[in-house]
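Visitor: Note that our numbering has the sequence shown beginning at 19, numbered continuously upward.
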Amino acid sequence: MKKGVVVGICLFALMALVACSTPYRMMFKDGTVVEMADEPEFDKDTGFYEYQTLDGKNVRVNKDQVVEIKEM
């Protein structure tokens, strides 16, 4: 009984997290546009944006190459 309740709570929490993610679109100076599931993080120390692509790849890109970041 307790195991079922715990599993139910975990599934609910997971669904809530997925529903909270907001997709973003990043446009580069060369015109390339990349979509991502969440807002990219900016590392002030390195000057790079870090994000995860829709297919799960982790990417770092120099802020000087980015023209625009928009919430979709």
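Ideal Cβ positions, reconstructed from N, Cα and C, are used throughout, including at glycine.
Remember, it's a predicted structure, so these values are computed and weren't measured experimentally.
If we ignore side chains and look at the alpha-carbon of each, how far apart do V77 and K20 end up?
Guide: 40 Å
Visitor: Measuring straight from C-alpha to C-alpha, what distance separates K81 and G49?
Guide: 15 Å
Visitor: Report the CB separation of Y42 from K88 in whole angstroms; it is logged as a contact under 8 Å.
Guide: 7 Å
Visitor: Per DSSP, what kind of secondary structure is K6 in: helix, strand or coil?
Guide: This structure does not reach residue 6, given that the chain is present from 19 up to 90, and the question cannot be answered.
Visitor: Give me, in chain order, the residues of the same chain whose beta-carbon lies closer than 8 Å to that of L72; leave out the 5 immediate sequence neighbours on both sides.
Guide: E53, M54, A55
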